[in-house]
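Worksheet for the structure shown next.
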Amino acid sequence: MSQFSVLTLPFMQRAVVALVFSSMTLSLLGIVVLVFNLAAVRFALMHMGLLGATVGLATGTDPTMAGLAAITGGAFLLGPVSDRTRLDTGAASAFFMTGSLAIAFILLYKANIPAMDAFSVFTGSVLMLTPTDMWTLLLLGTCVVLAMVIWYWEINLVLYNRDLAAALGVNTRLIYYVLLVFLGLAIGIAMKLVGALMVDAIVLLPAMVALPLSRSLRQALLLTSLIGGASSMVGIAASLTWDWPISASVTIAGVLAVFVGQMVQYVIRRLRMQQEDLPHASKGSAKR
Numbered sequence: 066m067s068q069f070s071v072l073t074l075p076f077m078q079r080a081v082v083a084l085v086f087s088s089m090t091l092s093l094l095g096i097v098v099l100v101f102n103l104a105a106v107r108f109a110l111m112h113m114g115l116l117g118a119t120v121g122l123a124t125g126t127d128p129t130m131a132g133l134a135a136i137t138g139g140a141f142l143l144g145p146v147s148d149r150t151r152l153d154t155g156a157a158s159a160f161f162m163t164g165s166l167a168i169a170f171i172l173l174y175k176a177n178i179p180a181m182d183a184f185s186v187f188t189g190s191v192l193m194l195t196p197t198d199m200w201t202l203l204l205l206g207t208c209v210v211l212a213m214v215i216w217y218w219e220i221n222l223v224l225y226n227r228d229l230a231a232a233l234g235v236n237t238r239l240i241y242y243v244l245l246v247f248l249g250l251a252i253g254i255a256m257k258l259v260g261a262l263m264v265d266a267i268v269l270l271p272a273m274v275a276l277p278l279s280r281s282l283r284q285a286l287l288l289t290s291l292i293g294g295a296s297s298m299v300g301i302a303a304s305l306t307w308d309w310p311i312s313a314s315v316t317i318a319g320v321l322a323v324f325v326g327q328m329v330q331y332v333i334r335r336l337r338m339q340q341e342d343l344p345h346a347s348k349g350s351a352k353r
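In the working numbering, the protein residues as written are 66 to 353.
Take a look at the structure:
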């Protein structure tokens, strides 16, 4: 029996569709993370997820859903809090991260909950997705793509310069807050797919490859989507071929894509330098 025969199984088909679709759509938010330097936001939202899972365990509700709800709530609050307190989003993220972690440990202690039960929210299995999970992912990914298409020029201006965008009449706060909420939801979904430690494989790595190679936001969006989908397919193929964990395989494929992207960027820089040196060399030979 071929290793790829498992693709006929429904749970495996859901896993493949989920990974490829999420890597092609949710990865678009990685551009926002890189441009606005929101790396700390990811960790803050993950710790909010831990707090939500702890509350879920203490109240007898589903810790995974409680964690996702906390991540979404944190994403809603992060933008307004950073604006009201006049703190950088990264500094506000540190406030959320340390505060949520402290409250979570107090709840774990007082409710006598094993810490590993709460930390289960950080583990994900793409092979255990339910039809409801699939519909949630499809809805979120579609909303992200629609937002990028409908608000393309507004998002382009906000990413370029928020002050300039505001001066031109763009509602920068609304767009920034919506992007933060989408990012929070994407992190929550990605945690369920591949686990918290591999969230960047879906959300961030494709954008890390595409952004330096792009000359416009349109190019960046297209390249990010294509690279994300290709990385997931390569990772899935590697997982089935060599019997590797599927989440780790997709992550390795994303890391290799970043490496290849850096090599391509280096080659492009070298070619441009050589082209710039040619006119100077020809002028020097003409003088002789």
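Just so you know, even glycine gets a beta-carbon here, dropped at the ideal spot from N, CA and C.
Between THR137 and GLY260, the gap from beta carbon to beta carbon reaches 8 Å or more. In the three-state scheme derived from DSSP, where H, G and I count as helix and E and B as strand, LEU152 is classed as coil. If you draw a straight line from the Cα of GLY294 to the Cα of ALA176, it is about 43 Å long. Here ALA285 has ILE96, ALA275, LEU276, SER279 as same chain residues with Cβ atoms under 7 Å from its own Cβ, once five neighbours each way along the sequence are excluded.
Of the residues THR129, GLY125, ALA83, the one whose Cα lies closest to the Cα of ALA118 is THR129. Look at TRP216 here: in three-state DSSP terms it is coil, with no helix or strand label.
Contiguous alpha helix (DSSP H) elements confined to the segment 258 to 320 occur at 264 to 268, 270 to 278, 282 to 307, taking only those with 4 or more residues.
ASN102 is positioned such that its CB atom lies no closer than 8 Å to that of GLY144. In the three-state reduction of the DSSP assignment, PRO145 falls in the helix class, which pools H, G and I. Of the other Cβ atoms in all chains shown, fewer than 16 fall within 10 Å of the Cβ of ARG283; this residue is therefore exposed.
Between LEU194 and ALA272 the beta-carbon gap is near 24 Å, outside 8 Å, which marks them as no contact.
The C-alpha of ALA230 lies about 7 Å from the C-alpha of THR237. If you ignore the 5 residues before and after THR316, its C-beta comes within less than 6 Å of the C-beta of MET263, ALA266, all in its own chain and listed in chain order. At a Cβ-Cβ threshold of 8 Å, ALA212 and PHE160 do not count as neighbours. Per DSSP, SER88 is one residue of the alpha helix (DSSP H) stretching across 75 to 90.
Straight-line spacing of the CA atoms in ALA303 and ALA318 works out to 9 Å. In its chain, beyond the 5 residues on either side, HIS112, MET113, LEU116 have a beta carbon closer than 6 Å to the beta carbon of SER165. In terms of CA proximity to LEU250, VAL106 leads the group PHE76, VAL71, ALA180, VAL106.
Residues LEU116 of the same chain have their beta carbon placed closer than 7 Å to that of ILE168, with the five preceding and five following residues left out of the count. Just so you know, the alpha carbons of PHE76 and VAL223 end up roughly 40 Å apart. Residue burial is scored here from C-beta neighbours: SER290 has at least 16 other C-beta atoms within 10 angstroms and is therefore classed as buried.
Nearest neighbour of ILE292 by Cα position, chosen from MET89, PRO310, ILE311, turns out to be MET89. A straight line joining the alpha-carbon of ASP198 with that of LEU258 spans about 9 Å. Judged by DSSP secondary structure, VAL106 falls within the alpha helix (DSSP H) whose first and last residues are 104 to 124.
For ILE178, no alpha helix (DSSP H) encloses it, and the DSSP letter there is neither H nor E.
In the three-state reduction of the DSSP assignment, SER165 falls in the helix class, which pools H, G and I.
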